[in-house]
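Colleague:
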Amino acid sequence: MTMASLQHADPAAGAPTRGATVRPAFVRRGWWLPYALLAPSIVFLVLFTYLPIVRVAVDALREVPHAGGPSRFVGLANFSAVLGDPAFIKAATNNLIYAVGTVVPTILLALLFALAVRRSNAFTAVLRVVLFFPSLVPLVAAASLFFFIFLPHLGLLDHYLRMVGLRGPNWLGDSDVALWSIMGITVWKNAGYYMLFYIAGLQNVPRDTIEAAMIDGANGLQRLWYVLLPALAPTTAFVVVIALVNVLTSVDHVVVLTRGGPTNATNLVLYYIFQEAHENFNYGKAAAATLMSVAVLLAISLGSVRAMERGGRGVA
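2 is the number of the first residue of the sequence shown in the numbering used here; add one for each residue after it.
Written as C-alpha coordinates, this is what we have:
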(Lines of atoms letter the chains of each structure in order from A; the text may use other names.)
(Lines give C-alpha, C1' and ligand atoms only; values in the text may rest on other atoms or scores of the structure.)
Protein backbone atom coordinates (compact mmCIF):
# COMPACT_ATOMS: atom_id res chain seq x y z
CA MET A 2 0.00 0.00 0.00
CA THR A 3 1.41 3.37 -0.97
CA MET A 4 1.71 6.46 1.25
CA ALA A 5 -1.06 8.20 -0.73
CA SER A 6 -3.46 5.34 -0.15
CA LEU A 7 -2.74 5.47 3.60
CA GLN A 8 -3.47 9.18 3.71
CA HIS A 9 -6.83 8.75 1.96
CA ALA A 10 -7.96 5.59 3.68
CA ASP A 11 -11.63 5.46 4.67
CA PRO A 12 -12.03 6.05 8.45
CA ALA A 13 -15.20 3.95 8.43
CA ALA A 14 -13.18 0.96 7.30
CA GLY A 15 -11.15 1.10 10.49
CA ALA A 16 -7.94 2.52 9.08
CA PRO A 17 -6.97 5.81 10.77
CA THR A 18 -6.33 8.87 8.67
CA ARG A 19 -2.77 10.09 8.92
CA GLY A 20 -2.48 13.06 11.29
CA ALA A 21 -5.87 12.44 12.94
CA THR A 22 -6.13 12.72 16.76
CA VAL A 23 -7.69 9.72 18.42
CA ARG A 24 -10.04 10.91 21.22
CA PRO A 25 -11.39 8.77 24.06
CA ALA A 26 -14.80 7.25 23.51
CA PHE A 27 -16.50 9.22 26.34
CA VAL A 28 -15.24 12.49 24.81
CA ARG A 29 -16.47 11.55 21.34
CA ARG A 30 -19.91 10.70 22.69
CA GLY A 31 -20.17 14.06 24.50
CA TRP A 32 -22.01 12.62 27.51
CA TRP A 33 -20.53 15.31 29.74
CA LEU A 34 -21.88 18.29 27.78
CA PRO A 35 -25.42 18.42 29.32
CA TYR A 36 -23.96 18.18 32.83
CA ALA A 37 -21.47 20.94 32.11
CA LEU A 38 -24.26 23.19 30.84
CA LEU A 39 -26.46 22.44 33.87
CA ALA A 40 -23.67 22.74 36.45
CA PRO A 41 -23.99 26.54 37.06
CA SER A 42 -27.75 26.30 37.57
CA ILE A 43 -27.41 23.24 39.82
CA VAL A 44 -24.79 24.96 41.96
CA PHE A 45 -26.93 28.10 42.25
CA LEU A 46 -30.01 26.01 43.12
CA VAL A 47 -28.19 24.02 45.80
CA LEU A 48 -26.53 27.06 47.40
CA PHE A 49 -29.52 29.40 47.44
CA THR A 50 -32.52 27.03 47.63
CA TYR A 51 -31.81 23.60 49.05
CA LEU A 52 -29.14 24.51 51.60
CA PRO A 53 -31.29 27.30 53.12
CA ILE A 54 -34.21 24.86 53.35
CA VAL A 55 -32.02 22.37 55.18
CA ARG A 56 -30.72 25.13 57.46
CA VAL A 57 -34.26 26.24 58.34
CA ALA A 58 -35.30 22.64 59.01
CA VAL A 59 -32.33 22.16 61.34
CA ASP A 60 -32.93 25.46 63.15
CA ALA A 61 -36.59 24.54 63.66
CA LEU A 62 -35.48 21.58 65.79
CA ARG A 63 -32.91 23.47 67.83
CA GLU A 64 -32.72 26.41 70.22
CA VAL A 65 -30.41 28.94 68.59
CA PRO A 66 -29.08 31.53 71.07
CA HIS A 67 -28.83 35.12 69.92
CA ALA A 68 -25.40 35.59 71.54
CA GLY A 69 -23.86 33.06 69.19
CA GLY A 70 -23.29 30.24 71.67
CA PRO A 71 -23.81 26.57 70.91
CA SER A 72 -27.30 25.58 69.87
CA ARG A 73 -29.27 22.87 71.64
CA PHE A 74 -31.60 20.21 70.21
CA VAL A 75 -35.17 20.73 71.44
CA GLY A 76 -37.15 18.54 69.03
CA LEU A 77 -40.66 19.81 68.34
CA ALA A 78 -40.63 22.36 71.16
CA ASN A 79 -40.38 25.26 68.71
CA PHE A 80 -43.45 24.05 66.85
CA SER A 81 -45.38 23.75 70.11
CA ALA A 82 -44.28 27.24 71.10
CA VAL A 83 -45.46 28.66 67.77
CA LEU A 84 -48.85 26.93 67.94
CA GLY A 85 -49.32 28.13 71.50
CA ASP A 86 -48.37 31.73 70.73
CA PRO A 87 -51.46 34.01 70.62
CA ALA A 88 -49.59 36.34 68.24
CA PHE A 89 -49.14 33.49 65.74
CA ILE A 90 -52.78 32.44 66.05
CA LYS A 91 -53.81 36.04 65.35
CA ALA A 92 -51.41 36.29 62.39
CA ALA A 93 -52.66 32.97 60.95
CA THR A 94 -56.29 34.08 61.33
CA ASN A 95 -55.48 37.37 59.63
CA ASN A 96 -53.74 35.46 56.83
CA LEU A 97 -56.81 33.30 56.31
CA ILE A 98 -59.08 36.35 56.11
CA TYR A 99 -56.52 38.08 53.91
CA ALA A 100 -56.38 35.06 51.56
CA VAL A 101 -60.13 34.77 51.12
CA GLY A 102 -60.61 38.53 50.92
CA THR A 103 -57.96 39.00 48.23
CA VAL A 104 -57.77 35.82 46.14
CA VAL A 105 -61.50 35.53 45.41
CA PRO A 106 -62.22 39.16 44.39
CA THR A 107 -58.91 39.47 42.56
CA ILE A 108 -59.60 36.41 40.40
CA LEU A 109 -63.17 37.54 39.72
CA LEU A 110 -61.98 41.01 38.70
CA ALA A 111 -59.21 39.53 36.55
CA LEU A 112 -61.74 37.34 34.74
CA LEU A 113 -64.12 40.27 34.20
CA PHE A 114 -61.26 42.43 32.91
CA ALA A 115 -60.17 39.69 30.53
CA LEU A 116 -63.68 39.23 29.18
CA ALA A 117 -63.97 42.99 28.67
CA VAL A 118 -60.73 43.38 26.72
CA ARG A 119 -60.40 40.01 24.96
CA ARG A 120 -61.26 41.53 21.55
CA SER A 121 -58.28 43.38 20.12
CA ASN A 122 -58.85 46.95 18.99
CA ALA A 123 -57.46 50.38 19.76
CA PHE A 124 -59.72 50.95 22.76
CA THR A 125 -59.08 47.58 24.42
CA ALA A 126 -55.32 47.99 23.83
CA VAL A 127 -55.33 51.21 25.86
CA LEU A 128 -57.62 49.65 28.47
CA ARG A 129 -55.29 46.67 28.87
CA VAL A 130 -52.39 48.99 29.60
CA VAL A 131 -54.45 50.93 32.16
CA LEU A 132 -55.60 47.76 33.92
CA PHE A 133 -52.15 46.18 33.89
CA PHE A 134 -50.28 49.27 35.06
CA PRO A 135 -50.81 48.75 38.85
CA SER A 136 -48.95 45.43 38.68
CA LEU A 137 -45.86 47.29 37.46
CA VAL A 138 -45.78 49.48 40.57
CA PRO A 139 -43.54 48.01 43.32
CA LEU A 140 -45.49 47.04 46.40
CA VAL A 141 -43.51 49.45 48.59
CA ALA A 142 -44.31 52.32 46.23
CA ALA A 143 -47.96 51.29 46.10
CA ALA A 144 -48.10 51.24 49.90
CA SER A 145 -46.55 54.71 50.07
CA LEU A 146 -49.12 55.95 47.57
CA PHE A 147 -52.03 54.48 49.52
CA PHE A 148 -50.67 55.95 52.74
CA PHE A 149 -51.68 59.37 51.42
CA ILE A 150 -54.95 58.02 50.03
CA PHE A 151 -55.87 56.56 53.44
CA LEU A 152 -54.90 59.58 55.53
CA PRO A 153 -57.84 60.29 57.87
CA HIS A 154 -59.70 63.52 57.02
CA LEU A 155 -56.95 64.60 54.59
CA GLY A 156 -56.56 61.68 52.23
CA LEU A 157 -57.99 61.38 48.74
CA LEU A 158 -60.48 58.71 49.78
CA ASP A 159 -61.95 60.82 52.57
CA HIS A 160 -62.06 63.80 50.22
CA TYR A 161 -64.37 62.00 47.80
CA LEU A 162 -66.45 60.56 50.63
CA ARG A 163 -67.05 64.07 51.96
CA MET A 164 -68.26 65.09 48.50
CA VAL A 165 -71.17 62.67 48.86
CA GLY A 166 -71.80 63.52 52.51
CA LEU A 167 -69.99 60.55 54.08
CA ARG A 168 -67.24 60.38 56.65
CA GLY A 169 -64.63 57.69 56.43
CA PRO A 170 -63.07 55.83 59.34
CA ASN A 171 -59.41 55.77 60.28
CA TRP A 172 -58.49 53.41 57.46
CA LEU A 173 -55.17 52.27 58.93
CA GLY A 174 -55.69 53.06 62.62
CA ASP A 175 -59.00 51.29 63.22
CA SER A 176 -58.49 47.61 64.03
CA ASP A 177 -61.83 46.74 62.40
CA VAL A 178 -60.93 48.39 59.10
CA ALA A 179 -57.13 48.27 58.76
CA LEU A 180 -56.88 44.71 57.40
CA TRP A 181 -59.55 45.41 54.78
CA SER A 182 -57.60 48.48 53.68
CA ILE A 183 -54.50 46.34 53.23
CA MET A 184 -56.54 43.84 51.25
CA GLY A 185 -57.81 46.59 48.95
CA ILE A 186 -54.22 47.45 47.99
CA THR A 187 -53.53 43.81 47.10
CA VAL A 188 -56.64 43.50 44.94
CA TRP A 189 -55.85 46.78 43.15
CA LYS A 190 -52.30 45.69 42.42
CA ASN A 191 -52.80 42.08 41.29
CA ALA A 192 -56.05 42.06 39.31
CA GLY A 193 -54.42 43.39 36.14
CA TYR A 194 -51.56 40.90 36.40
CA TYR A 195 -53.88 37.89 36.66
CA MET A 196 -55.93 39.35 33.80
CA LEU A 197 -53.07 38.53 31.41
CA PHE A 198 -53.35 34.82 32.18
CA TYR A 199 -57.08 34.85 31.53
CA ILE A 200 -56.61 36.70 28.25
CA ALA A 201 -54.17 33.99 27.15
CA GLY A 202 -56.59 31.31 28.31
CA LEU A 203 -59.51 32.86 26.42
CA GLN A 204 -57.47 32.88 23.23
CA ASN A 205 -57.04 29.10 23.53
CA VAL A 206 -60.79 28.43 23.77
CA PRO A 207 -61.90 26.90 20.43
CA ARG A 208 -63.99 29.37 18.49
CA ASP A 209 -66.19 26.62 17.03
CA THR A 210 -67.21 25.53 20.53
CA ILE A 211 -68.47 29.02 21.32
CA GLU A 212 -70.25 29.22 17.96
CA ALA A 213 -71.89 25.85 18.57
CA ALA A 214 -73.21 27.08 21.91
CA MET A 215 -74.58 30.19 20.22
CA ILE A 216 -76.31 28.08 17.58
CA ASP A 217 -77.88 25.99 20.33
CA GLY A 218 -79.36 29.19 21.77
CA ALA A 219 -77.06 29.70 24.78
CA ASN A 220 -77.01 33.28 26.00
CA GLY A 221 -73.91 35.08 27.20
CA LEU A 222 -74.19 33.92 30.82
CA GLN A 223 -74.75 30.32 29.75
CA ARG A 224 -71.76 30.41 27.41
CA LEU A 225 -69.64 31.77 30.25
CA TRP A 226 -70.78 29.12 32.74
CA TYR A 227 -70.88 26.04 30.50
CA VAL A 228 -68.17 26.79 27.93
CA LEU A 229 -65.67 29.42 29.01
CA LEU A 230 -65.26 28.62 32.71
CA PRO A 231 -64.65 24.87 32.16
CA ALA A 232 -62.17 25.69 29.42
CA LEU A 233 -60.42 28.15 31.75
CA ALA A 234 -60.12 25.63 34.61
CA PRO A 235 -56.35 25.05 34.08
CA THR A 236 -55.79 28.81 33.94
CA THR A 237 -57.78 29.31 37.13
CA ALA A 238 -55.79 26.58 38.87
CA PHE A 239 -52.54 28.28 37.93
CA VAL A 240 -53.79 31.71 39.00
CA VAL A 241 -55.02 30.35 42.34
CA VAL A 242 -51.59 28.89 43.07
CA ILE A 243 -49.86 32.15 42.14
CA ALA A 244 -52.32 34.14 44.28
CA LEU A 245 -51.81 31.85 47.28
CA VAL A 246 -48.05 32.19 46.99
CA ASN A 247 -48.51 35.95 46.89
CA VAL A 248 -50.68 35.85 50.03
CA LEU A 249 -47.94 34.18 52.07
CA THR A 250 -44.97 36.06 50.61
CA SER A 251 -46.14 39.68 50.33
CA VAL A 252 -45.62 41.75 53.44
CA ASP A 253 -44.06 44.98 52.17
CA HIS A 254 -47.30 46.96 52.43
CA VAL A 255 -47.82 45.80 56.02
CA VAL A 256 -44.31 46.92 56.97
CA VAL A 257 -44.73 50.33 55.32
CA LEU A 258 -48.27 51.12 56.45
CA THR A 259 -49.07 49.45 59.78
CA ARG A 260 -46.19 47.23 61.02
CA GLY A 261 -48.80 44.68 62.00
CA GLY A 262 -50.91 47.12 64.01
CA PRO A 263 -53.10 48.33 65.41
CA THR A 264 -53.09 45.60 68.12
CA ASN A 265 -51.90 42.96 65.60
CA ALA A 266 -54.98 43.60 63.43
CA THR A 267 -52.88 43.49 60.23
CA ASN A 268 -50.13 41.14 61.37
CA LEU A 269 -49.54 38.36 58.83
CA VAL A 270 -47.57 35.14 59.19
CA LEU A 271 -44.58 36.40 57.21
CA TYR A 272 -44.35 39.53 59.34
CA TYR A 273 -44.69 37.38 62.48
CA ILE A 274 -41.69 35.35 61.24
CA PHE A 275 -39.77 38.58 60.67
CA GLN A 276 -40.58 39.78 64.19
CA GLU A 277 -39.52 36.51 65.80
CA ALA A 278 -36.25 36.38 63.88
CA HIS A 279 -35.14 40.02 63.82
CA GLU A 280 -36.91 41.65 66.76
CA ASN A 281 -37.28 38.87 69.31
CA PHE A 282 -34.19 36.98 68.04
CA ASN A 283 -35.99 33.66 68.43
CA TYR A 284 -34.63 31.92 65.36
CA GLY A 285 -36.01 28.51 66.32
CA LYS A 286 -39.60 29.75 66.45
CA ALA A 287 -39.11 31.71 63.24
CA ALA A 288 -37.79 28.60 61.46
CA ALA A 289 -40.66 26.47 62.76
CA ALA A 290 -43.25 29.03 61.63
CA THR A 291 -41.55 29.16 58.22
CA LEU A 292 -41.77 25.39 57.73
CA MET A 293 -45.40 25.36 58.84
CA SER A 294 -46.37 28.14 56.43
CA VAL A 295 -44.56 26.45 53.53
CA ALA A 296 -46.23 23.13 54.30
CA VAL A 297 -49.67 24.75 54.35
CA LEU A 298 -48.93 26.57 51.10
CA LEU A 299 -47.84 23.35 49.37
CA ALA A 300 -50.90 21.47 50.60
CA ILE A 301 -53.30 24.18 49.43
CA SER A 302 -51.55 24.53 46.08
CA LEU A 303 -51.58 20.77 45.36
CA GLY A 304 -55.17 20.49 46.49
CA SER A 305 -56.33 23.34 44.27
CA VAL A 306 -54.51 21.97 41.22
CA ARG A 307 -55.94 18.48 41.67
CA ALA A 308 -59.44 19.85 42.26
CA MET A 309 -59.24 21.90 39.08
CA GLU A 310 -57.93 18.92 37.11
CA ARG A 311 -60.75 16.69 38.33
CA GLY A 312 -63.27 19.43 37.55
CA GLY A 313 -61.88 19.87 34.05
CA ARG A 314 -62.02 16.11 33.33
CA GLY A 315 -65.54 15.94 34.71
CA VAL A 316 -66.77 18.71 32.42
CA ALA A 317 -64.96 17.21 29.45
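The beta carbon of each residue, even a glycine, is placed where N, CA and C say it ideally should be.
Looking at the secondary structure, which residues open and close the alpha helix (DSSP H) in which G202 lies?
Modeller: A179 to Q204
Colleague: Looking only at C-alpha atoms, which of L152, A58, Y161 and V47 sits nearest to D175?
Modeller: Out of L152, A58, Y161 and V47, L152 has the C-alpha closest to the C-alpha of D175.
Colleague: Name the two residues that bound the continuous alpha helix (DSSP H) containing G221.
Modeller: G221 to R224
Colleague: Since N79 and A288 are thought to touch, with beta carbons under 8 Å apart, how far apart are those beta carbons, to the nearest angstrom?
Modeller: With a Cβ gap of about 7 Å, N79 and A288 count as contacting.
Colleague: How about V240 and L298: do their beta carbons lie closer than 8 Å?
Modeller: Inclusion of V240 and L298 in the CB contact set at 8 Å is not warranted, their separation being larger than that value.
Colleague: Please determine, among S294, L303, P53 and N283, the residue with the shortest C-alpha to C-alpha distance to P66.
Modeller: N283
Colleague: Taking the C-alpha atoms as reference points, what is the distance between S302 and A244?
Modeller: 10 Å
Colleague: Per DSSP, what kind of secondary structure is R331 in: helix, strand or coil?
Modeller: It is not possible to answer for residue 331, since the shown part of the chain is limited to 2 through 317.
Colleague: Which residues does DSSP pair with E64 in a beta bridge?
Modeller: R73
Colleague: Over what stretch of residues does the alpha helix (DSSP H) that includes H279 continue unbroken?
Modeller: V270 to H279
Colleague: Does the count of Cβ pairs from the stretch 177-184 and the stretch 248-263 closer than 8 Å reach three?
Modeller: yes
Colleague: Taking Cβ to Cβ, would you say A192 is nearer than 8 Å to F114?
Modeller: yes
Colleague: Does the beta-carbon distance from A1 to V306 come in below 8 Å?
Modeller: Here the chain covers residues 2 to 317 and nothing more, so residue 1 does not appear.
Colleague: Specify whether the stretch 139-157 and the stretch 166-175 touch according to this definition: at least 3 beta carbon pairs, one from each stretch, less than 8 Å apart.
Modeller: yes
Colleague: Below 8 Å on the Cβ atoms is my guess for Y273 versus A92; work out the distance and round it to an integer in Å.
Modeller: 4 Å
Colleague: Determine, using beta carbons only, whether A144 and N268 come nearer to each other than 8 Å.
Modeller: no
Colleague: Going by other Cβ atoms of all chains shown within 10 Å of its Cβ, with 16 needed for buried, is F164 buried or exposed?
Modeller: For the sequence presented, residue 164 should be read as Met rather than Phe. Looking at its Cβ environment, which holds fewer than 16 other Cβ atoms inside 10 Å, M164 is exposed.
Colleague: Check for me: the alpha helix (DSSP H) holding Y161 runs from which residue to which?
Modeller: L157 to M164
Colleague: Closer than 8 Å by C-beta to L132: which residues in its own chain qualify, once you throw out the five before and the five after it? Chain order, please.
Modeller: F114, V118, A192, G193 and M196
Colleague: DSSP state of A266, grouped into three classes?
Modeller: In the three-state scheme derived from DSSP, where H, G and I count as helix and E and B as strand, A266 is classed as coil.
Colleague: Helix, strand or coil, according to DSSP, for L167 in the structure here?
Modeller: coil
Colleague: What does the Cβ neighbour count give for S42, buried or exposed, with the cut at 16 atoms within 10 Å?
Modeller: exposed
Colleague: Once DSSP output is grouped into helix, strand and coil, what is the label at N283?
Modeller: coil
Colleague: By the three-class DSSP mapping on this structure, what secondary structure does S176 have?
Modeller: If DSSP states are grouped into helix, strand and coil, S176 belongs with coil.
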